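Student: My questions will all concern the structure given below.
Protein chains in written order, with our numbering: chain F, 1 to 248; chain H, 1001 to 1248.
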């Protein structure tokens, strides 16, 4: 936990008593005491500091001062063929840590239909995985996650309303390497399931303006490919002045 | 499995009878039959094709034709503070898939000493994890893995003999973003443990010519940071003409 992440309703008052998971982490891993200062931020909101005012056996009282504006929305969005639930769980945290704007999860020919019934796809589990990633990264901008049970419905009904400067589809055999956008526009990157998109899906994506790009000559697992794609498509930025407070 | 990976001694004859794990995968996942063609390659050796000649209930007989030269050694090496065994196991496969030349695993102040006694650090387990990564990626160049129980011994005795065009150390607060080398030289990237290098370690690394770079303003888990670092430091290449044969 490299940032104390608060919900908007918790940040309504500057003084807050934490219990549960976050308090346990602060007490037993970070071993905070009165007077300690922590990075803190509100989901999609202000960022700043929390000062520990008092500690109980299962609770931590903090005073919050949010002085920095909300984080910018990351410029990369993903259209991801729904992976296995176990993979998705880890990937949600990784993508929240790395920074994606919106994660569109879609069906595809080679996606197992049963994955859509997984409990990982409930808003509670998605929200929890994403928040763990944000806390690890020291970030506050929560990715949006949208589930599309039909790829064609996404392409026909949702895609036209989305504002992306470029649409990319990752294909092992493509000639153009993926690279960060040269301007400040948003990118949407389509990543297929294990085994890849079928040819008809690629043809449809290309027809809708997705440019084939490659992540390199090697075939990566979904979770590795997603991390690599987001890292390579995100414009580089110099680091902030913060440091890890302790092991996540 | 996107490539049938063979050991050098197996490739001594063009005709080969496979049993065990690879045969089981070919039979039950890829469901091969006589006449099917597969990408094949030898660890650190030639690459080409295997033609299925016959299938048994637990065995597959193939004829191998290696026409392409060995893969180039990937240009990025890592100096990685030894992560938790469970993380290391996954990371070995990911790094083999993504492509690193040598992985130097080192002790550091914040590394738990007991990690060095993990069975994951045996040559057998390391070799198995790396091969799974290569098979997934369709690659044949096996990363070297070297374990250094003392960081200072590595820096004093091993490092001077290594030939790198640049040495980098990833630090969340650094001003320079990591980027692919502009020339064809090799890179060595140092990545700290969970919680980071301590200041004295960073100072020592900088003194030995490691330039501080950042992977971005977000603090990533070791396994994510390692994947991102290798992806960003590797010069982009257009893809080959191959395609996935089936889900790994």
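C-beta atoms are modelled at their ideal positions from N, C-alpha and C, and glycine is treated no differently. On a predicted model such as this, the values are computed, not experimentally measured, just so you know.
1) May I ask you to list, following chain order, the residues of the segment 199-231 of chain F that have a beta carbon less than 7 angstroms from some beta carbon of chain H?
2) Consult DSSP for residue 108 (chain F) and reduce its assignment to one of helix, strand or coil.
3) What is the residue span of the alpha helix (DSSP H) that residue 1225 (chain H) lies within?
4) Does the beta carbon of residue 1240 (chain H) sit closer than 8 angstroms to a beta carbon anywhere in chain F?
5) Can you grab the Cα-Cα spacing for the pair residue 92 (chain F) / residue 131 (chain F), in whole Å?
6) Please state whether DSSP places residue 206 (chain F) in a helix, a strand or coil.
7) Closest by CA to residue 186 (chain F), which one among F:224, F:76, F:114 and F:136?
8) Terminal residues of the continuous alpha helix (DSSP H) containing residue 163 (chain F)?
9) Check residue 71 (chain F) in the structure and name its three-state DSSP category.
10) For residue 1097 (chain H), return the contacting residues in chain F, with the cut-off set at a CB-CB distance below 9 angstroms.
11) Residue 170 (chain F) and residue 215 (chain F): beta carbons closer than 8 angstroms?
12) List the residues that DSSP assigns as beta-bridge partners of residue 212 (chain F).
13) Please go through the same chain and pick out, in chain order, the residues whose beta-carbon is closer than 6 angstroms to the beta-carbon of residue 9 (chain F), but skip the five residues on each side of it.
14) Quick one: using the 10 Å Cβ neighbour count with 16 as the cut-off for buried, is residue 1183 (chain H) buried or exposed?
15) Could you check what DSSP says for residue 144 (chain F) in three-state terms: helix, strand or coil?
16) Let me check one thing: in DSSP terms, what residues is residue 5 (chain F) bridge-paired to?
17) Should residue 1258 (chain H) and residue 1059 (chain H) be called a contact, given that it needs their Cβ atoms to be closer than 8 angstroms?
18) CA-CA distance, residue 1159 (chain H) and residue 1001 (chain H)?
19) Verify whether the separation of the beta carbon atoms of residue 1168 (chain H) and residue 1213 (chain H) is less than 8 angstroms.
20) Among H:1145, H:1201, H:1139 and H:1082, which has the Cα closest to the Cα of residue 1118 (chain H)?
21) For the beta strand (DSSP E) that residue 1048 (chain H) lies in, which residues bound it at each end?
22) Using the DSSP secondary-structure output, state which residues sit across from residue 1081 (chain H) in a beta bridge.
23) Find the nearest neighbour of residue 105 (chain F) within the set F:68, F:145, F:112 and F:236, judged by alpha-carbon distance.
24) Going by CA-CA distance only, name the one from F:155, F:188 and F:234 that's closest to residue 78 (chain F).
25) Determine, using beta carbons only, whether residue 1065 (chain H) and residue 1053 (chain H) come nearer to each other than 8 angstroms.
26) Count the other CB atoms, across all protein chains shown, that sit within 10 Å of the CB of residue 12 (chain F); report buried if there are 16 or more and exposed otherwise.
27) Is there a Cβ from chain H that is less than 8 angstroms from the Cβ of residue 94 (chain F)?
28) Quick check: what's the CA-CA separation for residue 241 (chain F) versus residue 40 (chain F)?
29) List the residues of chain H that residue 13 (chain F) touches, going by C-beta distances under 9 angstroms, in chain order.
30) In the DSSP assignment, find the unbroken alpha helix (DSSP H) run with residue 1189 (chain H) in it and report its ends.
31) For residue 1237 (chain H), go through chain F and note every residue whose CB falls closer than 9 angstroms to its CB, in chain order.
32) At a CB distance below 7 angstroms, what residues from the segment 137-148 of chain F approach chain H? Give them in sequence order.
33) According to DSSP, is residue 1248 (chain H) part of a helix, a strand, or is it coil?
34) In the structure shown, what three-state DSSP assignment does residue 120 (chain F) receive?
35) In chain H, which residues lie less than 7 angstroms from residue 2 (chain F) when you measure between Cβ atoms?
36) Please name the residue in F:122, F:86, F:139 and F:232 whose C-alpha comes closest to that of residue 178 (chain F).
Tutor: According to the data block:
1) 214, 216, 217, 218, 219, 220, 221, 224, 227, 228 and 231
2) Counting from 1 along the first chain, the entry for residue 108 (chain F) is found at position 108. Note: residue 108 (chain F) maps to coil in three-state DSSP.
3) For the purposes of this step, residue 1225 (chain H) is identified with residue 225 of the second chain, where counting begins at 1. 1222-1233 is the extent of the alpha helix (DSSP H) around residue 1225 (chain H).
4) Counted from its first residue, the second chain places residue 1240 (chain H) at position 240. Low per-residue confidence applies at residue 1240 (chain H): pLDDT is 43, beneath 50, and the placement is therefore not dependable enough to give any value.
5) Start at 1 with the first residue of the first chain, and residue 92 (chain F) comes out as number 92. Start at 1 with the first residue of the first chain, and residue 131 (chain F) comes out as number 131. Near 9 angstroms, if we compare the C-alpha coordinates of residue 131 (chain F) and residue 92 (chain F).
6) For the purposes of this step, residue 206 (chain F) is identified with residue 206 of the first chain, where counting begins at 1. Three-state result, residue 206 (chain F): helix.
7) As a first step, residue 186 (chain F) must be located in the first chain, where it is residue number 186. Measuring from the Cα of residue 186 (chain F), the nearest candidate turns out to be F:76.
8) Position 163 of the first chain, counted from the first residue, corresponds to residue 163 (chain F). It is not in any alpha helix (DSSP H) - residue 163 (chain F) carries neither H nor E in the DSSP assignment.
9) The residue you call residue 71 (chain F) lines up with position 71 of the first chain. Coil at residue 71 (chain F), not helix or strand.
10) Mapped onto the second chain, residue 1097 (chain H) falls at position 97. The answer, in chain order, is 218, 219, 220, 221 and 224.
11) Taking the first residue of the first chain as 1, we reach residue 170 (chain F) at position 170. Taking the first residue of the first chain as 1, we reach residue 215 (chain F) at position 215. Yes, Cβ-Cβ distance for residue 170 (chain F) and residue 215 (chain F) is below 8 angstroms.
12) Here residue 212 (chain F) is taken as the residue at index 212 of the first chain, counted from 1. Looking at the DSSP assignment, residue 212 (chain F) forms a beta bridge with F:169.
13) Indexing the first chain from 1 puts residue 9 (chain F) at position 9. So no residue of the chain qualifies.
14) As a working note, residue 1183 (chain H) is residue 183 in the second chain. Its Cβ having fewer than 16 others within 10 Å, residue 1183 (chain H) is exposed.
15) Start at 1 with the first residue of the first chain, and residue 144 (chain F) comes out as number 144. Reduced to three states, the DSSP call for residue 144 (chain F) is strand.
16) Here residue 5 (chain F) corresponds to residue number 5 of the first chain, with the count starting at 1. F:41, per the DSSP bridge assignment.
17) Not covered by the structure: residue 1258 (chain H). The range shown for chain H is 1001 to 1248.
18) In the second chain, residue 1159 (chain H) corresponds to position 159, counting from 1. In the second chain, residue 1001 (chain H) corresponds to position 1, counting from 1. Taking the straight line joining both Cα atoms gives about 35 angstroms.
19) Within the second chain, numbered from 1, the residue matching residue 1168 (chain H) stands at position 168. Within the second chain, numbered from 1, the residue matching residue 1213 (chain H) stands at position 213. Cβ distance < 8 angstroms, so residue 1168 (chain H) and residue 1213 (chain H) count as in contact.
20) Reading the second chain from its first residue, position 118 is the one you call residue 1118 (chain H). The shortest C-alpha separation from residue 1118 (chain H) is found at H:1082.
21) Mapped onto the second chain, residue 1048 (chain H) falls at position 48. Here the beta strand (DSSP E) through residue 1048 (chain H) covers 1047-1055.
22) On the second chain, position 81 is the one that residue 1081 (chain H) refers to. Partner(s): H:1106.
23) Locating residue 105 (chain F) in the first chain gives position 105, where the first residue counts as 1. For the residues F:68, F:145, F:112 and F:236, the minimum Cα distance to residue 105 (chain F) belongs to F:145.
24) For this step, residue 78 (chain F) is matched to residue 78 along the first chain. If we check each option's Cα against that of residue 78 (chain F), F:188 comes out closest.
25) As a first step, residue 1065 (chain H) is located in the second chain; it is residue number 65 there, counting from the start. As a first step, residue 1053 (chain H) is located in the second chain; it is residue number 53 there, counting from the start. No, the pair does not count as a contact, with Cβ atoms beyond the cut-off.
26) The count along the first chain starts at 1 and reaches residue 12 (chain F) at position 12. Exposed, by the Cβ-count rule.
27) Position 94 of the first chain, counted from the start, is the residue given in the question as residue 94 (chain F). At least one chain H Cβ lies under 8 angstroms of residue 94 (chain F).
28) By one-based count along the first chain, residue 241 (chain F) stands at place 241. By one-based count along the first chain, residue 40 (chain F) stands at place 40. Low confidence applies here, because residue 241 (chain F) scores a pLDDT of 40, under 50, leaving its location unreliable and the question unanswered by this model.
29) What you label residue 13 (chain F) is simply residue 13 of the first chain in a count that begins at 1. Simply none; closest approach about 28 angstroms.
30) Within the second chain, residue 1189 (chain H) is the residue found at index 189, counting from 1. Careful: residue 1189 (chain H) lies outside any alpha helix (DSSP H), inside the beta strand (DSSP E) at 1187-1191.
31) As a working mapping, residue 1237 (chain H) is identified with position 237 in the second chain. Chain F residues near residue 1237 (chain H): 177, 214, 216 and 217.
32) 137, 138 and 139
33) The residue given as residue 1248 (chain H) occupies position 248 in the second chain. Confidence is the limiting factor: at residue 1248 (chain H) the pLDDT is only 36, short of 50, which leaves the residue's position unreliable and the question unanswerable from this model.
34) Locating residue 120 (chain F) in the first chain gives position 120, where the first residue counts as 1. Note: residue 120 (chain F) maps to helix in three-state DSSP.
35) Here residue 2 (chain F) corresponds to residue number 2 of the first chain, with the count starting at 1. Residues of chain H passing the Cβ test: 1219.
36) Taking the first chain and counting its residues from 1, the one referred to as residue 178 (chain F) is at position 178. Of the listed residues, the one whose Cα sits closest to residue 178 (chain F) is F:232.
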